[in-house]
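Take my numbering: the final residue in the sequence shown is number 358, and no numbers are missing along the way.
Positions of the beta carbon are idealized from the N, C-alpha and C atoms, including for glycine.
See below for the structure under consideration.
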Amino acid sequence: MKIKTIMANCSQEFFDSHSEIRRNMATKDIELLVANIEKGPLSLESPVDEVFAGPYILKEVASAVNEGCDAVVIDCAADPVMRAARHVSSIPVVSAGEASHHAAMMLCDKFSIVTTMAVSVPMFKENIAKYGYSNRVASVRAIELPVLALEDIEKTFQALCKTSEIAIEEDGAEVIVLGCTGMMETRDRLQEYLQIPVVEPLSIGIQYAAAMVNTNLRHSPICYMKASDSTVALIGDL
121 MKIKTIMANC SQEFFDSHSE IRRNMATKDI ELLVANIEKG PLSLESPVDE
171 VFAGPYILKE VASAVNEGCD AVVIDCAADP VMRAARHVSS IPVVSAGEAS
221 HHAAMMLCDK FSIVTTMAVS VPMFKENIAK YGYSNRVASV RAIELPVLAL
271 EDIEKTFQAL CKTSEIAIEE DGAEVIVLGC TGMMETRDRL QEYLQIPVVE
321 PLSIGIQYAA AMVNTNLRHS PICYMKASDS TVALIGDL
């Protein structure tokens, strides 16, 4: 099967440094088409960023069928325009953040999300409330490193250790969910350090998308009715 992952930013530097690790997540059964958006913010950390990234995420989602893809994964833990994306696609659309939350809930009673910046925290809390499982989230905390600063893996790891320990000791977290797919290179080491599960959103999102394809599942057309032809045309004109 072929799955398209869409980074929710237009930073060429970020794409160049992170695309190879994403391609290496492919398996003998899963071919990955790694993409980013052609216009928009250099990183997605706030609701304003989502507004400007949203149309170009939808454009990449809408083009996935013509590219021979069987499913799409939005490569962002904040789940930008996830619901809208399902209205413009005839194939499954999974978002990394939502998938990671469901994985965490199968591993514990309470999990914490550790994300990049404080400005992102309300976005996660709003998503969790909409998804209906606020009672399963111990906390949402930020390491105060912007997305583009995650290139410094050691600094990112140390910040994640410190903030995750607070989430465990003070908030009662039993699992840590990484709140940015740009943190993926710290996951194994962080899990070993903390000695509890650490969920990396993109890898989980890809596997969830593959499971949907393998079991012939896609989003309900009652919930996610197809967008009008005129709206789809607007996306194509971007």
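{"Query": "Report the residue from Asp190, Val171, Pro341, Leu227 whose alpha carbon sits nearest the alpha carbon of Val297.", "Result": "Leu227"}
{"Query": "Quick one: give me the first and last residue of the beta strand (DSSP E) that Arg261 is part of.", "Result": "257 to 262"}
{"Query": "Given Tyr344, which residues of its chain have a CB within under 8 Å of its CB, disregarding the five upstream and five downstream residues?", "Result": "Arg203, Arg206, His207"}
{"Query": "Taking buried to mean at least 16 other C-beta atoms within 10 Å of its own C-beta, is Arg261 buried or exposed?", "Result": "buried"}
{"Query": "Using the Cβ count rule (16 or more neighbours within 10 Å means buried), how would you classify Ser254?", "Result": "exposed"}
{"Query": "Is it right to say Pro341 is buried, meaning 16 or more other beta carbons lie within 10 angstroms of its own, or is it exposed?", "Result": "exposed"}
{"Query": "Fully enclosed by the segment 214 to 257, which beta strand (DSSP E) runs are 3 residues long or longer?", "Result": "231 to 235"}
{"Query": "Output yes or no for whether 8 Å exceeds the beta carbon distance between Cys189 and Lys124.", "Result": "yes"}
{"Query": "Locate the alpha helix (DSSP H) running through Leu280, then write down its first and last residues.", "Result": "273 to 291"}
{"Query": "Can Glu165 and Val257 be called in contact, C-beta distance under 8 Å?", "Result": "no"}
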